[in-house]
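Count along the sequence shown from 1, then add 142; that gives the number in the working numbering.
Even glycine gets a Cβ: it sits at the ideal position worked out from N, Cα and C.
Quantities reported herein were computed from a predicted structural model and do not represent experimental measurements.
Following: one structure in structure tokens, then a few remarks.
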Amino acid sequence: MTRIRLGMVGGGNDAFIGGVHRIASRIDGHFDLVAGALSSTPEKARASAEALGLDPARSYGSFEEMAEAEAAREDGIEAVSIVTPNHVHFPAAKAFLSRGIHVICDKPLTATFEDAEAMEKAVAESKALFILTHNYTGYPMIRQARQMVAGGALGKIRIVQVEYPQDWLTDAVETEGVKQAEWRTDPERSGAGGSIGDIGTHAYNLAGFVSGLTGAELAADLQSFGAGRKLDDNAHILLRYEGGARGMLWCSQVAPGNENGLRLRVYGETGGLEWAQEDPNYLWFTPHGEPTRRLTRNGPGAIDASTSVSRIPSGHPEGYLEGFATIYTEAAEAIRAVQGGASREAVMGVLPGIAAGLEGMAFIRACVASAGDNAAWTKL
């Protein structure tokens with residue numbers, strides 16, 4: 143199996159998420175990182191490329207330079223990972239999509255809804271794939287939960303509750319030189335959403351991925367508790383889904399004692415499911431009127447939807463990096479299928495793509511509009 147030649151935009155030495163993407167791309171052995179425009183400054187880009195052992199000739203000072211040069215090479219990159227602040231997602235993705243290079247992009251889709259619509263157009267005009275890394279959809283027990291819901295194990299869905307609390311912005315760390323906080327609290331780079339864009343989109347996406355429901359409207363109460371903070375750092379959101387189900391979403395980055403507390407509960411007419419990201423190898427299933435059952439990754443009761451993306455025996459921790467790796471592995475399978483002549487529509491499977499990205503941007507836009515109108519119900 144020939145590995146796919148991968149490039150990266152962003153993700154230099156001091157960027158957390160770049161390292162995560164690089165590890166994820168290597169776990170199952172489908173990609174080789176061969177080129178990069180790893181920082182917004184050429185000096186930092188060169189230093190980061192050197193630390194990663196990249197060929198200096200394939201370390202670029204900008205994504206524009208990288209897209210043009212790599213497209214002209216016989217051994218140029220076949221796919222690119224975009225792991226920059228949100229405002230760079232669209233121009234970078236467009237540069238590679240227009241040259242037929244597959245794009246794997248961090249979420250949310252873009253900084254503005256206008257850029258999101260332009261991204262949709264760029265994807266439609268390209269022959270390349272566009273994949274959004276909603277990595278939590280790659281966890282084995284999330285795949286199991288999705289299949290159980292689709293198979294009717296819960297009956298008709300009535301209630302969806304999802305929360306994603308963190309505490310890392312409790313203090314104003316954006317004023318203390320913390321790069322990850324600086325851009326995430328800056329509307330020019332992050333967009334209109336703070337916590338709702340950074341982690342709220344993950345929660346909203348996961349709720350829809352497992353439940354199979356489509357959001358119809360929401361009522362959002364957004365707060366900026368950090369002194370002088372321009373974007374929300376806490377949000378309480380009521381959801382109405384098509385078909386009558388109801389939901390609640392809480393996301394916060396100012397909740398002391400919470401590190402990465404993504405948790406999902408789904409309740410139907412005949413049963414309920416519960417899953418927590420910080421203990422991801424277990425799925426709790428309660429058929430109505432019966433004792434709660436603990437389903438374990440690769441354990442008794444595991445189904446193909448989860449075992450097919452599980453790498454090690456039950457009882458051994460498997461989590462964040464492996465969930466990311468599942469997205470990369472399925473992206474590699476899709477890329478190879480397209481290279482073999484398959485259509486883009488036929489290869490995506492459950493991979494998040496441009497549609498998931500647009501749903502996330504519509505979620506952010508509706509939250510901001512609702513909060514600006516005293517939490518009025520706002521259509522998605």
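In this structure, L406 sits away from W392, with a CB-CB distance that is not shorter than 8 Å.
H430 is classed as exposed because its beta carbon has fewer than 16 other beta carbons within 10 Å across all chains shown. Residue pairing by DSSP puts K521 in a beta bridge opposite E359. With 16 or more other Cβ atoms from the protein chains shown falling within 10 Å of its own Cβ, N423 counts as buried. Taking every protein chain shown into account, the CB of Q395 has 16 or more other CB atoms within 10 angstroms, so this residue is buried. As DSSP reads the structure, W417 sits in a beta bridge with L406. DSSP, reduced to helix, strand and coil, places V265 within a helical segment of the structure shown. Taken in chain order, the whole alpha helix (DSSP H) runs of length 4 or more contained in the stretch 228-287 are 228-239 and 255-267.
Considered as a whole, the stretch 474-517 harbours no complete run of any beta strand (DSSP E) with no fewer than 3 residues.
Only exposed fits I454, as fewer than 16 other CB atoms lie within 10 angstroms of its CB.
A check of alpha carbon separations from L196 across T183, V162, R147 and H244 identifies R147 as the nearest.
Note on S450: under 16 other CB atoms within 10 angstroms of its CB, so exposed under the neighbour-count rule. Fully enclosed alpha helix (DSSP H) runs of no fewer than 4 residues occupy 329-332 of the stretch 325-352, in order along the chain.
Straight-line spacing of the CA atoms in G333 and G342 works out to 13 Å. With fewer than 16 other Cβ atoms inside 10 Å of its own Cβ, G491 counts as exposed.
Between N400 and P459, the gap from beta carbon to beta carbon reaches 8 Å or more.
In the DSSP secondary-structure assignment, S394 is bridged to P307 and N376. The C-beta separation of I496 from M261 comes to about 7 Å, placing the pair in contact by the 8 Å criterion.
Closest in C-alpha terms to G350, from the list G389, M150 and L180, comes G389. Looking at the DSSP output, S201 shares a beta bridge with G178.
Linking P398 to D313 through their CA atoms gives a straight-line distance of about 10 Å. Here A473 has I246 and I273 as same chain residues with Cβ atoms under 6 Å from its own Cβ, once five neighbours each way along the sequence are excluded. Less than 8 Å divides the Cβ of A361 from the Cβ of L380. Spatial neighbours of A323 in its own chain (CB-CB distance under 8 Å, excluding positions within 5 residues in sequence) are listed in chain order as W310, L311, V315 and E316. Contact between the stretch 429-444 and the stretch 143-163 is not established, with fewer than three Cβ pairs separated by less than 8 Å. Per the DSSP secondary-structure output, G389 pairs in a beta bridge with V302 and L381.
Taking one beta carbon from each stretch, the stretch 201-213 and the stretch 174-193 have 3 or more pairs nearer than 8 Å; the two touch. According to the DSSP secondary-structure assignment, P429 is paired through a beta bridge with G413. Around the CB of E192, fewer than 16 other CB atoms lie within 10 Å, so the residue is classed as exposed. Boundaries of the alpha helix (DSSP H) around T449: D446 to T449.
DSSP places V291 within a helical segment (H, G or I) once states are collapsed to three. In the DSSP assignment, G149 falls within the unbroken beta strand (DSSP E) covering I146 to G152. A234 places its beta carbon less than 8 Å from that of I224. Check the Cα spacing between I301 and each of G413, V510 and V480: the tightest is with G413.
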